[in-house]
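**Q** So for the sequence shown, UniProt numbering puts the first residue at 1; every next one is plus one.
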Amino acid sequence: ATIASTDMGLLLRDDVFVDFFNTFLNLPVFGQTPIYISSTGRWDLWPELPSRLDPSPPALLAWLEKHRLPHFCKSSLCLHLVLCQKLLGFIRSGEAAKQLNWQSADQWLLEKCISGSQGMWRFRAFIQGMAGEELTNFWLTTERLLGLDESDARQRDLYLSLLHKLKATHLREGSSIVTLCRTITGSFLKTRHIQPISTRREILSKMQERALFMIQSYWLPKFFIHCKMGMEEEKSCHPLLQEYQERLLRAKSQEPSGFSENLFMMHIKRSQGLSESYCSKKAKAEIWTLLKEGRDTQEMKMPSFQVQPERQLAPAGSTKESHLDKDALGSIPQQSEHPAKTAFGGKGGATSPKRPRPNAEQVLHLEELCEEKVLSNLCSSAPLVQLPSLKKRAKTLSFLPWALSAETCAGRPFRDFLKRQDRSVETHLLDLWHDLEEFLPMVLDPSRENSFFLRHLIGEKICKTYLEEGTIQQLPLETRTLRSLRNHLMSGEFSPWIFRAQKEICKVLCCFYEEFLADDDRTFLQFMVKGM
1 ATIASTDMGL LLRDDVFVDF FNTFLNLPVF GQTPIYISST GRWDLWPELP
51 SRLDPSPPAL LAWLEKHRLP HFCKSSLCLH LVLCQKLLGF IRSGEAAKQL
101 NWQSADQWLL EKCISGSQGM WRFRAFIQGM AGEELTNFWL TTERLLGLDE
151 SDARQRDLYL SLLHKLKATH LREGSSIVTL CRTITGSFLK TRHIQPISTR
201 REILSKMQER ALFMIQSYWL PKFFIHCKMG MEEEKSCHPL LQEYQERLLR
251 AKSQEPSGFS ENLFMMHIKR SQGLSESYCS KKAKAEIWTL LKEGRDTQEM
301 KMPSFQVQPE RQLAPAGSTK ESHLDKDALG SIPQQSEHPA KTAFGGKGGA
351 TSPKRPRPNA EQVLHLEELC EEKVLSNLCS SAPLVQLPSL KKRAKTLSFL
401 PWALSAETCA GRPFRDFLKR QDRSVETHLL DLWHDLEEFL PMVLDPSREN
451 SFFLRHLIGE KICKTYLEEG TIQQLPLETR TLRSLRNHLM SGEFSPWIFR
501 AQKEICKVLC CFYEEFLADD DRTFLQFMVK GM
C-alpha cells in the first residue's frame with residue numbers, strides 16, 4: 001500500500017526499488033517491457049515506438065503508475081522488495097552494529113551482498129533446505145495474507161486459501177515456526193472454530209515479527225560469513241574485498257543511503273529509425289524465434305542426450321524472478337512455481353510403482369506430449385539431441401507457456417484482463433493452468449520444503465475446484481484428459497496428463513492472450529500520444 005501510494009518519480013530514486021521494478025517490467029507476459037537505467041536517467045523501450053513519435057517521460061510515468069505499478073504491488077517480487085528493505089533497514093541500524101558487533105564496513109559489504117533481486121536470490125539460495133528457508137517463506141506468505149482485506153468478498157477466497165495453506169505447512173506441529181513461536185501459537189492451533197479476525201491478525205503479526213527477528217539476528221550474520229568466505233575464493237570479488245579492508249581501517253565511513261545521488265534529467269531513448277507500426281506480439285515472436293534458433297544451434301554441437309533434473313524452470317526473460325520461490329511469497333493460490341524439468345525417472349521422477357501401466361497407445365501419445373513440454377523448457381546448457389531450427393517467425397502458441405509462467409510473478413495481469421472482459425470460463429482455465437504448474441515441482445521434487453503436504457493440498461484443491469463431474473462438463477477440454485488428470489491428482493501423484501491438459505488450455509487461451517497484448521499496445525500508445 002505504501003509503494004502504491006508513493007510518487008513514481010520518488011520511487012525511481014531508490015536503487016533497490018529500481019532493480020526489482022526493472023525485473024518486473026521485463027517479465028515476458030507484458031507487451032511493452034521498458035527498462036530504466038538509473039545511472040543516466042534513461043528509459044529504454046521495447047518494442048521501440050515508431051520514430052515519428054517523441055514520447056515524454058511524464059507520459060511514461062503516468063502509464064507505469066496506472067498499468068504496471070498496481071500489478072507490481074500484487075506480485076511476489078514486491079513481497080521480496082519489502083523483505084529486502086526490512087533487512088537493509090536492520091543492517092544499517094545502530095541496533096545491528098551493537099548486537100552483532102558490526103562495523104560500518106561490515107554493514108557496507110553485507111548491503112552489497114543482499115541488495116536487489118539478485119541479492120535476495122543469493123540469500124534465499126544460502127538458506128535453502130534449512131530452517132531459515134521456512135522462516136522466510138512464512139514471513140512472505142504472512143505478509144501477503146495480512147495485506148488482504150478478508151471482509152472484501154473479492155479477496156476473501158484468496159485470504160482463506162492462504163490461511164489454509166499456512167495451517168497445513170508452517171503452522172503444523174513440529175514446524176520451525178511453531179517451535180519458535182510456541183507461546184504465541186498455542187491458542188491459534190488448539191481452537192477449532194474460526195477465530196475473530198482481529199485476534200487472528202494479531203497472532204499472525206506477532207509470529208511474523210518473531211520470524212523476522214530470527215532471520216535478521218541469526219541467518220543474516222551466517223549469510224555474511226558465507227559471502228566473505230565465497231568472495232575470498234572468487235578472484236573477481238577481490239577488488240570488493242580490498243575496498244572492504246580499506247573501509248575497516250577508516251575510523252568512519254559514510255552511511256549508505258540506498259537512494260541514487262545522481263539526479264539526471266529523465267529521458268527516453270529515441271527509436272533507431274523504426275517506421276513500422278507498433279506491435280508487441282510481432283516483437284515477441286521475433287525474440288522467441290531468435291532464442292529458439294540460438295538454442296537449437298547450440299544443441300547441434302552437443303554430443304549426447306542427457307536430461308538433468310533441476311529444481312525449477314526459468315523461462316527466458318524471467319531469470320531473476322525464477323529463483324524466488326513463489327509458494328513462499330504469499331503468492332496467490334493460482335500462482336505457481338515453474339514446472340520441474342524432468343517428467344520420468346531421476347530425482348525428479350515420481351511415478352508410483354503401484355499405479356497400473358497405461359496401454360501402449362497411451363504411453364506413446366503421452367510421452368510425445370511430455371517430451372515436447374520438457375525439451376522445450378530445458379536451458380541451453382543441457383546437452384540435447386539435435387532439434388530442428390525454426391525458419392519462420394514463432395506463433396503465439398509456441399511462447400504462450402513462457403508468458404504464462406512469467407504471469408505468476410507479475411501480479412496476474414492476463415487474469416485481470418480476462419475478468420474485465422467477463423471471460424469466466426477462460427479465467428477458470430487459466431487458474432487451472434497455474435495450479436497444475438504449482439503442483440508439478442511439489443510432486444517431482446520430494447526434497448522441497450513441505451512438498452508432501454503441499455502436493456496433497458494442491459491436488460485436492462484442483463480436484464474440488466475444477467475436476468468435479470459437474471464442472472468437467474463445462475470446461476472446453478477433452479473429458480478424457482480431465483478425468484485421467486483427476487484420477488492421478490486425487491492421490492497426489494504425478495501424471496503426464498498434466499502436460500496434455502496445459503497444452504489444451506493454451507490452445508483455448510491463445511487468441512485471448514493476443515487480445516491482451518493488443519489491448520496493452522493500445523493503452524500504451526494512447527498514453528504516449530497524449531503526452532506529446
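In this text, a Cβ means the ideal position worked out from N, Cα and C, and glycines have one as well.
Look up D152 in the DSSP assignment and say whether it is helix, strand or coil.
**A** If DSSP states are grouped into helix, strand and coil, D152 belongs with coil.
**Q** Would you decide whether F524 is buried or exposed? Buried here means 16 or more other CB atoms lie within 10 Å of its CB.
**A** buried
**Q** Identify every residue that forms a DSSP beta bridge with I268.
**A** Looking at the DSSP output, I268 sits in a beta bridge with W43.
**Q** With distances taken Cα to Cα, identify the nearest neighbour of K461 among E469, Q474, L489, R480.
**A** Check the Cα spacing between K461 and each of E469, Q474, L489, R480: the tightest is with L489.
**Q** In three-state terms, what does DSSP make of Y244?
**A** helix
**Q** Which same chain residues end up closer than 8 Å to A283 when comparing Cβ atoms and leaving out the 5 residues on each side of it in sequence?
**A** Result list for A283: W46, P47, in chain order.
**Q** Could you give the DSSP three-state label for A1: helix, strand or coil?
**A** Secondary structure of A1 (DSSP, three-state): coil.
**Q** Three or more C-beta pairs under 8 Å: does that hold for the segment 102–119 against the segment 56–76?
**A** Because the criterion of three Cβ pairs below 8 Å is not met, the segment 102–119 and the segment 56–76 do not touch.
**Q** Compute the distance between the beta-carbons of F516 and F417, then report whether it is under 8 Å.
**A** Here F516 is near F417, since their CB atoms are less than 8 Å apart.
**Q** Which runs of the alpha helix (DSSP H) spanning at least 4 residues fall entirely within the segment 6–44, listed in chain order?
**A** 8–11, 15–25
**Q** Are the beta-carbon atoms of G492 and H434 separated by less than 8 Å?
**A** no
**Q** Measure the C-alpha to C-alpha separation of L240 and I35 and round it to an integer number of angstroms.
**A** 27 Å
**Q** Identify whether S56 lies in helix, strand or coil by the three-state DSSP scheme.
**A** S56 falls in the coil class under three-state DSSP.
**Q** Determine the direct distance from the alpha carbon of F30 to that of R13, and round the result to whole angstroms.
**A** 24 Å
**Q** Look at the Cβ atom of G116, then the Cβ atom of D19, and state whether they are nearer than 8 Å.
**A** Against a cut-off of 8 Å, the Cβ pair of D19 and G116 comes out as a contact.
**Q** I'd like the span of the alpha helix (DSSP H) that includes T410, first residue to last.
**A** Looking at the sequence itself, residue 410 is Ala, so the reference to Thr does not match. From DSSP, A410 is part of no alpha helix (DSSP H); its letter is neither H nor E.
**Q** If we require 4 or more residues per run, which alpha helix (DSSP H) segments fall completely within the segment 95–154?
**A** 104–114, 116–127, 131–146
**Q** In or out: P28 buried (at least 16 other Cβ within 10 Å) or exposed?
**A** Classified as buried, P28 has 16 or more neighbouring CB atoms from the shown chains inside 10 Å of its CB.
**Q** Cutting at 7 Å between CB atoms, please list the residues of its own chain near H71, excluding the five before and the five after it.
**A** Once the five neighbours on either side are set aside, the close Cβ partners of H71 are A410, G411, P413.
**Q** Skipping 5 residues on each side, what residues in its chain have a beta carbon closer than 6 Å to that of E407?
**A** V29, F414
**Q** For K530, name the three-state secondary structure that DSSP assigns.
**A** helix
**Q** Does the structure place the segment 77–84 close enough to the segment 139–148 that three or more beta carbon pairs sit under 8 Å?
**A** Contact holds: three or more Cβ-Cβ distances are below 8 Å.
**Q** Given F24, which residues of its chain have a CB within under 7 Å of its CB, disregarding the five upstream and five downstream residues?
**A** F72, S75, L77, A410
**Q** Using the rule of at least 16 other Cβ atoms within 10 Å of the residue's Cβ for burial, across every protein chain shown, is P446 buried or exposed?
**A** exposed
**Q** Comparing C-alpha positions only, which one of F126, R52, P496 sits nearest to S271?
**A** R52
**Q** What is the rounded straight-line gap between the Cα of N26 and the Cα of D106?
**A** Taking the CA atoms as reference points, N26 sits about 33 Å from D106.
**Q** Should the segment 141–151 be called in touch with the segment 92–101, which here means at least 3 C-beta pairs below 8 Å?
**A** Taking 8 Å as the limit for Cβ pairs, the verdict is that the segment 92–101 does not touch the segment 141–151.
**Q** Between which two residues does the alpha helix (DSSP H) carrying G459 extend?
**A** 451–466
**Q** If you count every other CB in all the chains shown that lies within 10 Å of the CB of R182, and 16 or more means buried, which is it?
**A** It counts as exposed.
**Q** Would W219 and I127 qualify as a contact pair, given that the criterion is a beta-carbon distance under 8 Å?
**A** yes
**Q** Provide the residue span of the alpha helix (DSSP H) that contains S424, from first to last.
**A** 424–444
**Q** For G230, name the three-state secondary structure that DSSP assigns.
**A** helix
**Q** In angstroms with no decimal places, state the Cα-to-Cα distance between L485 and S424.
**A** 22 Å
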